[in-house]
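Residue numbers (our numbering): 3 to 278. Where is the CB? At the ideal position from N, CA and C, for every residue including glycine. The model shown is predicted, which means the values in this text are computed figures rather than measured ones.
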Ligand code: ZN
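Next up, the structure:
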């Protein structure tokens, strides 16, 4: 009975990887105390001023905003108490704040891979005029929790949110990327926009030479109802699993700067294709 054992293993690995959750519990922020408003008398009210002649024309396109979510974080493994704390994960479920992620057999960790690829994608998008927001500032911290990562995308009003991961199937022959999206959708953004972002990302990764997953989803797409970051998103969002870190060929690409640049270029192109 080899298959059931493998299936259970893959499920466990998936649970550990695909859930972008986050780290340190932070106290709820309290709004700063406001000063009492100053009374304005009618003599203080200035007459309305006309807009300057060189103001932005009404047909100018607003600058697109993209949130990149590099999976996991460098100090997650050393802080199990923080990352195992349960947080809301959508659909009425609670899940651990975040997980450690996986690694290649040689020990190159997923959090380092996702951080490096996200920085490369950020630079490529910024060069095209996109404003990019990352869900974590470096690869040395804990978390943030999945719900906090989703909040970054929601509060930024992002045109697209892309979470970047790599998988850790113990089946060494399993390989290829897949793009996960929330299904069934919980809001309008998780419907057509997220599905279009997923299919555009899948098509662009394929046209950049990356093979679709041999072991998860169908034709490179994977509808999911169990990933907190996707469930809680109110913006178009996908999660890209770039491949299997336990597959020797893909592990070599993940561990190489040139390989990571290739993934970054394809992901950036997918985002730009979606935005266009
Ligand atoms: Zn992951």
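So residue 246 is in the beta strand (DSSP E); what residue range does that whole segment cover? 239-246
Residue 124 and residue 67: beta carbons closer than 8 Å? no
For a test of your reading of the model: does the CB of residue 73 fall under 7 Å from any non-hydrogen atom of ligand 3? Yes or no. Summarising the ligand content, the structure contains ligand 1 and does not contain ligand 3.
Just checking, does the stretch 198-212 make contact with the stretch 62-76 on the three C-beta pairs under 8 Å criterion? no
Where in the stretch 139-179 do unbroken runs of the beta strand (DSSP E), each at least 3 residues long, occur, reported from the N-terminal end onward? Under the rule that a run must span 3 or more residues, the beta strand (DSSP E) segments found entirely inside the stretch 139-179 read 162-169.
Identify every run of the beta strand (DSSP E) within the stretch 209-242, keeping only runs that are complete inside it and at least 3 residues long; order them along the chain. 223-226
Taking its Cβ as the centre, do 16 or more other Cβ atoms sit within 10 Å of residue 244, making it buried, or is it exposed? buried
DSSP-derived helix/strand/coil call for residue 124: helix
Just checking residue 272 against ligand 1 - is the residue's beta carbon closer than 7 Å to any of the ligand's heavy atoms? no
To the nearest angstrom, how far is the alpha carbon of residue 187 from that of residue 135? 24 Å
Are the stretch 219-227 and the stretch 159-167 touching by the rule of at least three beta carbon pairs closer than 8 Å? The stretch 219-227 and the stretch 159-167 do not touch, with fewer than 3 CB-CB distances between them shorter than 8 Å.
So does the stretch 105-118 actually touch the stretch 148-158, counting three or more Cβ pairs closer than 8 Å? no
Using the Cα positions of residue 101 and residue 86, report the straight-line distance between them to the nearest angstrom. 7 Å
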